[in-house]
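Accompanying notes for the structure given below.
Here it is in structure tokens:
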């Protein structure tokens, strides 16, 4: 239940008038000038903070040459998605090819465009090629997670540039490189097991593009570290307009009258 800001009277549900029934103060307009001044101070502080955030964001993304290079190299590792990643041979009902260079994008488009998904997952249950095919899917999942991490790195870069704190970008670069590094032996073992069965359902080799991806992720990590140190030096040596303290207006404390209790 609301209280009158003037006298502290507890308003009843039927007190619908603007004036307090006890002291007569106009509740909506109570100290309106003071409250308007407080709102102006809060708005000034919020705008000053916003201007500083925009300034840091611009400096972190495109404010220096290192920042621009780092931004470009945030996207470059994604070329792994379109360059040849495998040399594959596939023999399935209604879908077959031999020694074709395919990229990760080609595989996704092939699945979307018409490869029999049921026959693909049926291979997992096979007693002969099931383990090899499962390893191939695990490797493909690791690569997909690495690419998702690389895409996420760009959006995290924007967020981190507001305060020039880039620890999250370091983690994502390392994670992407590790996922690619783990996927390589998984694919190699998968193809070796498939060759050992002697059944040409699928097989192939990996290309150098995986190693290029790892190098690019690590290079992006190094650029993030160097750029962060460079920006920290600029922040420490460039005079900044001091940010005013965040205003805080505590509500007035009402004085309550306590009745004196007579002691017998």
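Numbering (this note's numbering), first residue to last: 837 to 1100.
Ideal placement from N, C-alpha and C gives every residue a C-beta, glycine not left out.
Contact check, residue i vs residue j, beta carbons under 9 Å
i: residue 1043; j: residue 923; result: yes
i: residue 1030; j: residue 965; result: yes
i: residue 1018; j: residue 1052; result: no
i: residue 853; j: residue 845; result: no
i: residue 1009; j: residue 940; result: no
i: residue 915; j: residue 1059; result: no
i: residue 900; j: residue 1066; result: yes
i: residue 1047; j: residue 1070; result: no
i: residue 896; j: residue 998; result: yes
i: residue 1005; j: residue 992; result: yes
i: residue 1023; j: residue 971; result: yes
i: residue 863; j: residue 841; result: yes
i: residue 1049; j: residue 925; result: no
Collapsed DSSP secondary structure at residue i in the structure displayed
i: residue 1066; result: helix
i: residue 1082; result: coil
i: residue 925; result: strand
i: residue 845; result: coil
i: residue 999; result: coil
i: residue 918; result: coil
i: residue 1076; result: coil
Residue burial classification, residue i (beta-carbon count within 10 angstroms, cutoff 16)
i: residue 903; result: buried
i: residue 913; result: buried
i: residue 994; result: exposed
i: residue 1081; result: exposed
i: residue 1003; result: exposed
i: residue 944; result: exposed
i: residue 872; result: exposed
i: residue 886; result: exposed
Boundaries of the alpha helix (DSSP H) in which residue i is found, first to last residue
i: residue 910; result: 901-911
i: residue 1006; result: 1003-1033
i: residue 963; result: No alpha helix (DSSP H) contains residue 963, which DSSP labels as neither H nor E.
i: residue 891; result: 868-898
Span of the beta strand (DSSP E), counted from its first residue to its last, around residue i
i: residue 1042; result: 1038-1042
Per DSSP, the bridge partner or partners of residue i
i: residue 855; result: 862
i: residue 938; result: 922
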